[in-house]
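A.B. asks: First residue of the sequence shown? That's 1 in the numbering used here, and the numbers climb one at a time after it.
Glycine included, each C-beta is placed from N, C-alpha and C at the ideal position.
One structure, pasted below without further comment.
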Amino acid sequence: MRTGVRSAPEGDLAQLLSAAGIRHVIYNASLVTSEGRFVAVADAWLDDVGVAIEVDSDEHHATGDGFRRTVRRNARYARVGVPVVTVLPIDLRDRPSGVVHDIAATRATAASRPRPPVHVSERDAPSSGREGWRWGA
Numbered sequence: 001m002r003t004g005v006r007s008a009p010e011g012d013l014a015q016l017l018s019a020a021g022i023r024h025v026i027y028n029a030s031l032v033t034s035e036g037r038f039v040a041v042a043d044a045w046l047d048d049v050g051v052a053i054e055v056d057s058d059e060h061h062a063t064g065d066g067f068r069r070t071v072r073r074n075a076r077y078a079r080v081g082v083p084v085v086t087v088l089p090i091d092l093r094d095r096p097s098g099v100v101h102d103i104a105a106t107r108a109t110a111a112s113r114p115r116p117p118v119h120v121s122e123r124d125a126p127s128s129g130r131e132g133w134r135w136g137a
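Dropping the structure here:
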């Protein structure tokens, strides 16, 4: 596990994944296509199978600009075939076994398919709300 969480809910996710033995996790991974196009900064990235995990709170993702950024981020994931497990902060607290089940099931499905053509960028990529995405999102 590589640390790099940026919020309390991301920290809760990191603790849960560690306790569940889920490995090959990179936190706040800046993802790009093989052509170098920015996709997203995943809250957690299961690098061995190419699955993104996003902790989407009401506060930052349910209304206004936050909602628009979230929808556009999810569209970019879909364009390149990245499966995304969306987690609510309350579920990390109230139904952690359900969260682990969802992640494990998505990981198993992803492992049976070709990995999406994205990788973790070593340089800083723009955030999902900035210019730089060239696919019209």
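Which residues in the same chain have their Cβ closer than 8 Å to the Cβ of residue 122, if we skip the five residues on either side of it in sequence?
C.D. replies: Correct list: empty, nothing qualifies.
A.B. asks: Looking at C-beta atoms only, is the number of pairs between the region 32-47 and the region 73-80 that lie closer than 8 Å three or more?
C.D. replies: The region 32-47 vs the region 73-80: in contact.
A.B. asks: Could you tell me the distance, in whole angstroms, from the CA atom of residue 77 to the CA atom of residue 87?
C.D. replies: One C-alpha to the other measures close to 16 Å.
A.B. asks: Distance check for residue 35 and residue 12, CA to CA, integer angstroms please.
C.D. replies: Rounded to the nearest angstrom, the two C-alpha atoms are 33 Å apart.
A.B. asks: Give the single residue among 89, 24 and 114 whose Cα lies nearest to the Cα of residue 82.
C.D. replies: Ranking 89, 24 and 114 by Cα distance to residue 82 puts 114 first.
A.B. asks: So for residue 10, helix, strand or coil by DSSP?
C.D. replies: Helix.
A.B. asks: By how many angstroms is the C-alpha of residue 55 removed from the C-alpha of residue 68?
C.D. replies: In a straight line, the C-alpha of residue 68 is about 16 Å away from that of residue 55.
A.B. asks: Figure out for me which residue from 49, 84, 92 and 85 has the closest Cα to the Cα of residue 19.
C.D. replies: Nearest option by C-alpha distance: 92.
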